[in-house]
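Take the position in the sequence shown, starting the count at 1, then add 806; the result is the number in my numbering.
Everything on this sheet refers to the single structure shown next.
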Amino acid sequence: MDQDVWNESQSGRRKQDFGPKVNFKKRKIRVGSFNGLPASSQKLVLRMQREPSLASFEPVEQCNLDYHPQRGAAIDPHLDDSWLWGERLVTINMLSSTTLTMSLEQSLSDLGPPEEVRVAVHLPRRSLLVLYDEARHRWKHAIHRENIYKRRVCSTYRELSAEFSPGGQQAALGDQLLDIALSFQGTPI
Ligand SMILES: O=C(O)CCC(=O)C(=O)O
């Protein structure tokens with residue numbers, strides 16, 4: 807990864823993207839210069855697919871993030887888009903361990919105001935995390951800066967939503983994106 811350029815991103819992160827150019831607000835997608843996931847991911851994706859829960863997982867996008875305590879790197883609580891991205895978000899955690907903080911606004915009693923419930927998920931170095939179902943769609947996820955102890959790099963892989971999958975309204979575009987992604991000839995966009 808360090809042989810490719812890292813681009814400055816928000817909150818002290820650096821990133822490398824392998825995927826189409828997307829304007830989520832306008833719901834527009836441009837294939838642009840997307841030329842696939844990197845060659846180094848081919849083996850990893852095959853290995854993921856050996857896990858029963860990832861047997862049908864075909865990623866169409868990869869985002870590498872680089873966190874360093876000296877830059878105060880973090881990612882604020884958020885939900886990933888679900889117009890383009892599908893059910894499973896798969897992240898490989900590398901170089902050092904961290905904690906993923908999951909949070910949900912919940913009224914704990916009928917009368918009380920909503921309160922934030924937090925769950926800390928330990929991510930060991932070299933672990934793989936799959937977010938799906940409520941953890942994907944209801945609970946926000948974040949990495950707080952106090953949980954970055956040393957340089958940490960992660961790769962997040964995303965699959966297509968139903969709209970871009972066979973039978974969906976934008977299946978043809980989805981098919982084209984998958985063909986490019988799974989050529990594994992990519993350079994960062
Ligand atoms: O650093 C991580 O593990 C989380 C990355 C993430 O939430 C994202 O890319 O949307």
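All C-beta atoms in this analysis are idealised placements derived from N, C-alpha and C, irrespective of residue type, glycine included.
Predicted model only: the values in this text are computed from it and were never measured.
Delimiting residues of the alpha helix (DSSP H) encompassing residue i
| i | result |
| --- | --- |
| Lys831 | From DSSP, Lys831 is part of no alpha helix (DSSP H); its letter is neither H nor E. |
| Ala978 | 977 to 987 |
For residue j and residue i, believed in contact at Cβ under 8 Å, the rounded distance
| i | j | result |
| --- | --- | --- |
| Phe863 | Glu969 | Their Cβ separation, rounded to whole angstroms, is 18 Å, which puts Phe863 and Glu969 out of contact at 8 Å. |
| Leu850 | Phe824 | Rounded, the Cβ-Cβ distance is 13 Å, inconsistent with contact. |
| Thr931 | Ala880 | The residue asked about is misnamed: residue 931 is Arg in this sequence, not Thr. Between Ala880 and Arg931 the Cβ distance is about 18 Å, and since that is not below 8 Å, they are no contact. |
| Leu983 | Pro826 | 6 Å |
| Ala987 | Val811 | Actually they do not touch by this definition, with Cβ atoms about 20 Å apart. |
| Arg957 | Leu901 | 5 Å |
| Ser961 | Asn870 | 5 Å |
| Leu934 | Ile898 | 5 Å |
| Ile954 | Leu906 | That belief does not hold up - the Cβ atoms of Ile954 and Leu906 are roughly 12 Å apart, past 8 Å. |
| Ser839 | Gln868 | Not a contact, Cβ separation roughly 15 Å. |
The beta strand (DSSP E) enclosing residue i, as first and last residue numbers
| i | result |
| --- | --- |
| Ala926 | 920 to 929 |
| Gln822 | 820 to 824 |
| Glu940 | Unbroken run through Glu940 is the alpha helix (DSSP H), 940 to 943; no beta strand (DSSP E). |
| Asp916 | Run containing Asp916: none; DSSP gives neither H nor E here. |
| Asp882 | 881 to 884 |
| Leu860 | That residue, Leu860, is in no beta strand (DSSP E); it is neither H nor E in DSSP. |
Three-state secondary structure (DSSP) of residue i
| i | result |
| --- | --- |
| Pro844 | coil |
| Gln809 | coil |
| Val866 | coil |
| Ser815 | coil |
| Arg932 | coil |
| Leu850 | helix |
| Arg877 | helix |
One or two residues paired with residue i in a DSSP bridge
| i | result |
| --- | --- |
| His950 | BP columns for His950 are empty, so no partner. |
| Arg836 | Lys827 |
| Thr907 | Ala926, Ala948 |
| Trp891 | Leu966 |
| Ile898 | Leu934, Ser961 |
Does the count of Cβ pairs from the segment 910 to 921 and the segment 879 to 895 closer than 8 Å reach three?
In this structure the segment 910 to 921 does not lie against the segment 879 to 895, because fewer than three pairs of beta carbons, one per stretch, are closer than 8 Å.
Evaluate the contact criterion for the segment 939 to 950 versus the segment 886 to 895: three or more CB pairs, one atom per stretch, below 8 Å.
These segments touch.
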